[in-house]
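Novice: Going by the numbering used here, 298 is the number at position 83 of the sequence shown; the sequence numbering is gapless. For every residue, glycine included, the Cβ atom is placed at its ideal position computed from N, Cα and C.
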Amino acid sequence: MRKLILLVFAIAICSAASAQMAKFQALYLFQFAKNTSWPQEDAGKPFVIAVIGDNSLSSELRTVVNNKKVGDRPVRVVESATASGLPKSDIIYLGESKSSQIGSLIAAQANNKVLIVSGTKGQCAHGAGISFVPDGGKLQFEIHEGNIAKNGLKVTPKLVTLGRQVF
Numbered sequence: 216m217r218k219l220i221l222l223v224f225a226i227a228i229c230s231a232a233s234a235q236m237a238k239f240q241a242l243y244l245f246q247f248a249k250n251t252s253w254p255q256e257d258a259g260k261p262f263v264i265a266v267i268g269d270n271s272l273s274s275e276l277r278t279v280v281n282n283k284k285v286g287d288r289p290v291r292v293v294e295s296a297t298a299s300g301l302p303k304s305d306i307i308y309l310g311e312s313k314s315s316q317i318g319s320l321i322a323a324q325a326n327n328k329v330l331i332v333s334g335t336k337g338q339c340a341h342g343a344g345i346s347f348v349p350d351g352g353k354l355q356f357e358i359h360e361g362n363i364a365k366n367g368l369k370v371t372p373k374l375v376t377l378g379r380q381v382f
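(1) Spatial neighbours of methionine 236 within its chain, please: C-beta separation below 8 Å, excluding the five flanking residues on both sides.
(2) According to DSSP, valine 293 sits in a beta bridge with which residue or residues?
(3) By DSSP, does serine 312 sit in helix, in strand, or in coil?
(4) Would the region 281-295 and the region 328-348 be scored as touching if the rule is three or more Cβ pairs under 8 Å?
(5) To the nearest angstrom, how far is the alpha carbon of lysine 278 from that of glycine 361?
(6) Kindly list the residues whose CB is nearer than 7 Å to the CB of alanine 231, restricted to its own chain and excluding five residues on each side of it in sequence; keep chain order.
(7) By the 10 Å Cβ neighbour count, where 16 or more other Cβ atoms means buried, how is glutamate 256 classified, buried or exposed?
(8) Closest by CA to isoleucine 264, which one among His341, Ser252, His359, Pro302?
(9) What does the alpha-carbon distance come out to for the pair arginine 288 and alanine 298?
(10) Please classify lysine 313 as buried or exposed, where buried requires at least 16 other C-beta atoms within 10 Å of its C-beta.
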């Protein structure tokens, strides 16, 4: 009985930590949106953040962006199980469980002005603009300005200094 109680307690702690991480990732994604220069031709259109393979993040993200805008653009969150068939998006988040799809995602978005963010450390080496890096319970991120520029975007110097620059 004691082992069962400890197991339930451990699961509850892990679940709470996972929910907290999703909340922080959602807050970061919104800040990435606010600290990126977006094309003028999209002004007034919905600002779309696509989340691939992470339902808890998309749920938290909806809460974070509720009734908020990026510039004059209302924010809309969409979910997908795969990297294919996404609607035109401004930010695409690729969850850890879907990290193997990074190559096909990068290829499919090659001609789009999109910020690709990965939930897996090291994905900037494969074309992501930003990769989350959990570090001892803290959430940090890697940022690759070259990959971001390839997609026709520019981030603020402030955002670059907050992340770990990779090349």
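Specialist: In short, the structure shows the following:
(1) Numbered from its first residue, the sequence shown carries residue 236 at position 21. Only Pro349, Leu354 meet the Cβ criterion.
(2) For the purposes of this step, residue 293 is identified with residue 78 of the sequence shown, where counting begins at 1. In DSSP, valine 293 forms a bridge with Ala265.
(3) Position 97 of the sequence shown, counting from 1, holds the residue named residue 312. In this structure, serine 312 counts as helix in the three-state DSSP scheme.
(4) no
(5) By 1-based counting over the sequence shown, the position of residue 278 is 63. By 1-based counting over the sequence shown, the position of residue 361 is 146. Residue 278 is actually threonine in this sequence, not lysine. Cα to Cα, the separation comes out at about 31 Å.
(6) In the sequence shown, the residue the question calls residue 231 occupies position 16. Legend: pLDDT at alanine 231 = 43, less than 50; position of this residue unreliable, value from coordinates given subsequently. So no residue of the chain qualifies.
(7) Taking the first residue of the sequence shown as position 1, residue 256 is located at position 41. That one is exposed.
(8) The sequence position of residue 264 within the sequence shown is 49, counting from 1. It is Pro302.
(9) What you label residue 288 is simply residue 73 of the sequence shown in a count that begins at 1. What you label residue 298 is simply residue 83 of the sequence shown in a count that begins at 1. Looking at the two C-alpha atoms, the distance is approximately 24 Å.
(10) Here residue 313 refers to the residue found at position 98 of the sequence shown. When all chains shown are included, lysine 313 counts as buried.
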